[in-house]
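Novice: Protein chains in written order, with UniProt numbering: chain S, 1 to 110; chain U, 1 to 110.
First the structure, which I've put down as structure tokens, then a few questions once you've had a look.
Number of protein chains: 2
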Amino acid sequence: MTEAQQEAGVFRALADPTRRQILEDLRGGELAAGEIAARFAISAPSISRHLGVLKGAGLVTERREGNRIIYTLAQDRLATGVGRFLSAVCPEQIVLRRTAWRPGARSEES
Amino acid sequence: MTEAQQEAGVFRALADPTRRQILEDLRGGELAAGEIAARFAISAPSISRHLGVLKGAGLVTERREGNRIIYTLAQDRLATGVGRFLSAVCPEQIVLRRTAWRPGARSEES
DNA sequence: CTGATGTTTAGCATCTTTGCTAAACATCTA
DNA sequence: TAGATGTTTAGCAAAGATGCTAAACATCAG
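Structural data, given as structure tokens:
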């Protein structure tokens, strides 16, 4: 996947308010799919699809733990995904720190 | 318009790659609608609608200059729009500088 | 094995987005 | 005023996004 496609996927994923809220919730620590779904007035299958979009964009990772599937926020990927664009458009207002993004840097594949 | 709605509009506007490219192009300075359209393999009416979305999100401003309509990038609005979210989700990787966003700060209405 | 629990997949309906062309509107020039 | 140029609005078709329910899959507990 090219860097541009990765960026596109991230912005596409961030377009939906439910998905942005999921990412905010995951900032507080890992959550199981069901725990996430319980926080919204939306059916579990719909949340599952949102999680799939986030996973496809690389913004979360998942692992099975017994019965449940645990989702984890991938902060670096978020910073990487929006980083090039924000640096290009409003570098005076937003600064990317540390590993977030370096010009020409390679990022690992998912 | 609430702050949350403003944030939603900004992220929705950023979801489209053409609109992101328009913002990047405007970083180089003001451009007329026709000058912007000339940079894409997309019809002028379609570009006009993209510009309307960007304007609706507050990411650009427009002014008429004789025959033409000149679009200007609103960097602060972009930083403000994405700022709260990025601060909430990946504060370690992204730093907001100066007027970009302050907790509880009021932003002017459009 | 059976049933309960957690989660995803499949299929459908509806709304939104995005592209196009044709036409209208606005301004400049002659 | 008439025509040329720049831009937007209107209307349509195709593609995508998002919600739901029903059903399937995976794992745990008895």
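Every residue gets a Cβ at the ideal spot worked out from N, C-alpha and C, and that includes glycine.
Note that this is a predicted model, so its numbers are computed, not measured.
#1: Take R77/S and list the residues in its own chain whose beta-carbon comes closer than 7 Å to its own, dropping the five residues that flank it on each side.
#2: Mapping the DSSP letters down to three states, classify A13/U as helix, strand or coil.
#3: Look up E62/S in the DSSP assignment and say whether it is helix, strand or coil.
#4: Enumerate in chain order the residues of its own chain whose CB-to-CB distance from I70/U is below 6 Å, with the five nearest sequence positions on each side excluded.
#5: Does chain S have any CB closer than 9 Å to the CB of S110/U?
#6: I'd like the list of long-range same chain contacts for E109/S, defined as Cβ closer than 8 Å, with 5 residues on each side in sequence excluded.
#7: Using 8 Å for Cβ pairs, my map puts C90/S next to A4/U. What's the rounded Cβ distance?
#8: Using only the alpha-carbon positions, how far apart do A8/U and I47/S sit?
#9: With L73/U and L26/U assumed to form a contact (beta carbons below 8 Å), what rounded beta-carbon distance in angstroms separates them?
Specialist: On the basis of the data shown:
#1: G58 and L59
#2: helix
#3: strand
#4: E30, A32 and R63
#5: Since pLDDT at S110/U reaches only 47, below the 50 mark, its modelled position is unreliable, and no value is offered.
#6: Caution applies to E109/S, whose pLDDT of 48 falls short of 50 and renders its modelled position unreliable; the value that the coordinates give is listed next. These residues qualify, in order along the chain: M1.
#7: So it is not a contact: roughly 21 Å between Cβ atoms.
#8: 19 Å
#9: 4 Å
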